[in-house]
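All you need for our numbering is the position in the sequence shown, starting with 1, plus 1. Beta carbons: idealized from backbone N, C-alpha and C, even for Gly. Predicted model only: the values in this text are computed from it and were never measured.
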Amino acid sequence: AIVNGLAGAGQEAFLRVTKQYLPHVARLCLISTFLEDGIRMWFQWSEQRDYIDSTWSCGYLLASSFVFLNLLGQLTGCILVLSRNFVQYACFGLFGIIALQTIAYSILWDLKFLMRNLALGGGLLLLLAESRSEGKSMFAGVPTMRESSPKQYMQLGGRVLLVLMFMTLLHFDASFFSILQNIVGTALMILVAVGFKTKLAALTLVVWLFAINVYFNAFWTIPVYKPMHDFLKYDFFQTMSVIGGLLLVVALGPGGVSMDEKKKEW
């Protein structure tokens with residue numbers, strides 16, 4: 002009970018201090034992978050175009066159109082999200098980019114990358130739920146169940162998809178550290194997914210995932226000309242986007258479809 006009390010007090014203190022800044026940091030982290038990928042499309046235009054052309058034999062024009070669509074869609078979506086203008090349209094556009102890249106880069110057949118893309122989609126669902134909340138705030142005096150239900154289920158879907166990221170981090174070996182990491186990580190994933198002690202569990206996952214990301218995806222230690230640099234850089238920013246989604250969970254709470262919310266009715 003004492004440990005739970007201290008953890009709760011620490012969480013509340015953190016939320017009070019970061020209340021004004023946390024949603025902004027969450028948004029920036031969430032769109033970071035799209036921002037990095039859009040900039041990379043600009044600087045690696047020829048390489049990206051040639052890869053699409055050689056993979057799909059679609060010709061110079063279609064391959065160039067694909068790269069341009071990715072570049073424009075991602076950078077425009079990032080600008081709209083950060084400026085809080087037409088956020089819902091930006092989210093749908095970024096959903097489209099995820100779907101397009103999943104097919105174009107054959108991610109559909111790579112389970113690890115597919116799960117990470119789904120986790121990224123979960124972060125966008127949470128951002129979409131936040132934008133719905135902001136849109137409803139003008140009519141705060143007349144809430145209805147019909148209006149709130151879609152937001153609640155988007156928050157549930159976002160939480161469930163976010164935890165897919167952590168399933169790609171599980172290590173199936175007999176070492177004590179790996180077993181401990183798997184047990185603790187799985188417990189935290191379940192707590193976030195079902196919405197129990199959600200903010201504390203999500204905040205713990207943010208700290209854990211950030212530490213793992215900095216340690217394993219340190220792309221800045223690899224020379225730029227080596228392929229591993231781009232691979233780790235992509236992985237780093239995609240993980241930062243999932244961290245952004247978790248920070249939205251910390252800032253907004255789990256929503257109506259969660260054990261935390263049901264406890265209030267008991």
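- Within the same chain, MET42, VAL68 come within 7 angstroms of GLN49 by CB-CB distance, once the 5 residues on both sides are set aside.
- Annotation: CYS30 to GLN45 spans about 23 angstroms, alpha carbon to alpha carbon.
- The C-alpha of PHE93 is placed about 14 angstroms away from the C-alpha of ARG85.
- SER242 is positioned such that its CB atom lies closer than 7 angstroms to that of GLY124.
- DSSP, reduced to helix, strand and coil, places CYS59 outside both helices and strands of the structure shown, so it counts as coil.
- Scanning its chain for C-beta atoms nearer than 6 angstroms, with the 5 sequence neighbours on each side dropped, one finds no residue around ILE213.
- With respect to the C-alpha of GLY245, the residue from LEU163, GLU262, LYS264 having the closest C-alpha is LEU163.
- Comparing C-alpha distances from LYS20 to each of ASP261, LEU253, GLY257 shows the shortest one belongs to LEU253.
- Less than 7 angstroms separates the beta-carbon of GLY39 from that of LEU72.
- At a Cβ-Cβ threshold of 7 angstroms, VAL195 and ALA202 do not count as neighbours.
- With respect to the C-alpha of GLU262, the residue from TYR235, TYR226, LYS200, LYS113 having the closest C-alpha is LYS200.
- Within the same chain, and ignoring the five residues on either side of ASP54 in sequence, the residues whose Cβ sits closer than 6 angstroms to its Cβ are ALA64.
- Within its own chain, the residues whose Cβ lies closer than 7 angstroms to the Cβ of MET229, once the five positions on either side in sequence are excluded, are ILE223, listed in chain order.
- When only Cα atoms are considered, LEU36 and ASN218 end up about 18 angstroms apart.
- Rounded to the nearest angstrom, the gap between the Cα atoms of SER66 and PHE220 is 29 angstroms.
- Annotation: the continuous alpha helix (DSSP H) that includes LEU201 extends over 199-217.
- Linking ARG160 to LEU23 through their CA atoms gives a straight-line distance of about 18 angstroms.
- By the neighbour-count definition (other C-beta atoms within 10 Å, threshold 16), LEU181 is an exposed residue.
- Residue burial annotation: ALA100 is exposed, with fewer than 16 other C-beta atoms found within 10 angstroms of its C-beta.
- For the pair ARG133 and GLN239, the CB atoms are not nearer than the 7 angstroms cut-off.
- With respect to the 7 angstroms criterion, ALA130 and MET155 are classified as neighbours on the basis of their beta carbons.
- A straight line joining the alpha-carbon of ILE98 with that of ILE80 spans about 15 angstroms.
- Across the set LEU126, PHE87, GLY186, PRO255, the C-alpha of GLY186 shows the shortest separation from the C-alpha of LEU210.
- For THR56, the closest C-alpha among the options GLN102, LEU189, LEU127 is that of GLN102.
- Minimum Cα-Cα distance from TYR52 among the listed residues ILE191, GLY256, ALA105, LEU171 corresponds to ALA105.
- Taking the CA atoms as reference points, GLY158 sits about 36 angstroms from SER58.
- Nearest to LEU204 by C-alpha distance, out of TYR226, LEU247, VAL215, SER47, is LEU247.
- Here GLY256 carries a coil assignment [DSSP, helix/strand/coil].
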